[in-house]
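Going letter by letter, the sequence shown gives residues 1 to 207 in full-length UniProt numbering.
Virtual Cβ for every residue (Gly too), placed ideally from N, Cα, C.
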Amino acid sequence: MSTAPGASRSAALLAFRLAAATLASMPLLLVVLDIINQSLGPDPGQEVTETLGLAAFQLLLATLFMTPLQRWTGWSGWLRIRRMLGLFAFFYASLHVLAFLQFILGWNDLWATFTKRPYVIAGAVSFLLLVPLAATSTRWMMKKLGRQWKPLHRSIYPAVVIAWLHFIWQARSDVGEMVVYGVIVLGLLALRWRWFGPGSLIPFKRA
Ligand code: HEM
Numbered sequence: 001m002s003t004a005p006g007a008s009r010s011a012a013l014l015a016f017r018l019a020a021a022t023l024a025s026m027p028l029l030l031v032v033l034d035i036i037n038q039s040l041g042p043d044p045g046q047e048v049t050e051t052l053g054l055a056a057f058q059l060l061l062a063t064l065f066m067t068p069l070q071r072w073t074g075w076s077g078w079l080r081i082r083r084m085l086g087l088f089a090f091f092y093a094s095l096h097v098l099a100f101l102q103f104i105l106g107w108n109d110l111w112a113t114f115t116k117r118p119y120v121i122a123g124a125v126s127f128l129l130l131v132p133l134a135a136t137s138t139r140w141m142m143k144k145l146g147r148q149w150k151p152l153h154r155s156i157y158p159a160v161v162i163a164w165l166h167f168i169w170q171a172r173s174d175v176g177e178m179v180v181y182g183v184i185v186l187g188l189l190a191l192r193w194r195w196f197g198p199g200s201l202i203p204f205k206r207a
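Shown next as C-alpha cells:
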C-alpha cells in the first residue's frame, strides 16, 4: 500500500519541526546537565546567564535566517519553523533576564538594576521589543491584528540590532566573535532591504 504524497509531506514537515525544536532545546538541556554535573566553572551564575543570553541571540538570528533560506532553496518548510524559533528566542531571553536577576544583581531595587548600566538598558530595550512579538504570535492574535500584525512584527529588526549592541557592550575581551555576529546581522538586514525595500525594516510602517 503506497502512502499519499500529501501524508508523507506532512510527516516530513513534522519530523523537520521536531528536529528544529530538539536543536533549539539543546542550550537549555546542556545548561541543566552542567548544573547537575557541577561543571559550570568558577562562576556558575555568570556562565548560566551568558549561555542563555547567547542562545537567545543565536535563535533570533536563526529566526531571521528563515526567509533567506526559503528564497534560496524555494522550500516553504523554513517558514513553518520561523514562529517556533522566535518563541524559543523569547523563552531564552526571559530565562536570561531571570538568571541575571537571580545570580548577578538580585531582586532588590529593580529600577536601579535596569537603568544604571548602558549595556543593561540596551538588553532591557531589546527584551521589551520582543515581549509584544511573543504575545501576538498566536494564530488568534494574527487574525485579530490583521494587516497590523506584520508592521508590528518588524520590531524584530531593531530588537536584534539592540541585542547585538548589548552583546558587544558587555564584552570584556574577544570582540572578534561579536564582530562576526555584527556582520551576520548586517547581512540579514541588507538582504531584507534588497528583497523587500527599506520600509520592510521599519516597525509599524505599512508596506
Ligand atoms: C533586561 C534584559 C537583559 C538583561 C538585564 C541582560 C543582562 C545581561 C548580562 C548581565 C550579561 C553579561 C553576563 C556576564 O558576563 O556577566 C549579558 C550578556 C548577554 N546577553 Fe543579555 N540581558 C538582557 C537582555 C538580552 C536579550 C534580549 C538578549 C538577546 C536577545 C541578550 C543577549 C545577551 C548575549 C548574547 C550576552 C553575551 C553572552 C556571552 O558573553 O556569551 N540579552 N546580558
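Here T51 is buried. Its C-beta has 16 or more other C-beta atoms within 10 Å. Looking at K144, V175, H166, L69, the one whose alpha-carbon comes closest to that of R192 is L69.
Relative to P198, the option among R154, F65, G146 whose CA is nearest is R154. Under the 8 Å Cβ criterion, the segment 10 to 19 does not count as touching the segment 35 to 47, having fewer than three qualifying pairs. Annotated as proximal: L64 and V160, with beta-carbon spacing under 8 Å. Taken atom to atom, the span from the alpha-carbon of G86 to that of I35 is near 26 Å.
The residue among S173, A112, L133 with its C-alpha nearest the C-alpha of P158 is L133.
Separation of V125 and V131 (C-alpha to C-alpha, rounded to the nearest whole angstrom) is 10 Å. Taking each of I168, S137, V31 in turn and checking the Cα distance to Y181, the smallest one comes out for I168.
Contact between P151 and P118 does not hold, since their C-beta atoms are separated by about 29 Å, which reaches or exceeds 8 Å. Burial check for W164: the Cβ neighbour count within 10 Å reaches 16 or more, so the residue is buried. Residue environment for P5: exposed (fewer than 16 other C-beta atoms within 10 angstroms of its C-beta). CA-CA distance, R71 to F57, rounds to 23 Å.
Ligand 1 has no heavy atom closer than 7 Å to the beta-carbon of A134. For K150, the enclosing alpha helix (DSSP H) starts and ends at 149 to 153.
Here the distance from the Cβ of G53 to the nearest heavy atom of ligand 1 is below 7 Å.
By the CB criterion at 8 Å, F103 and V48 fall inside the cutoff.
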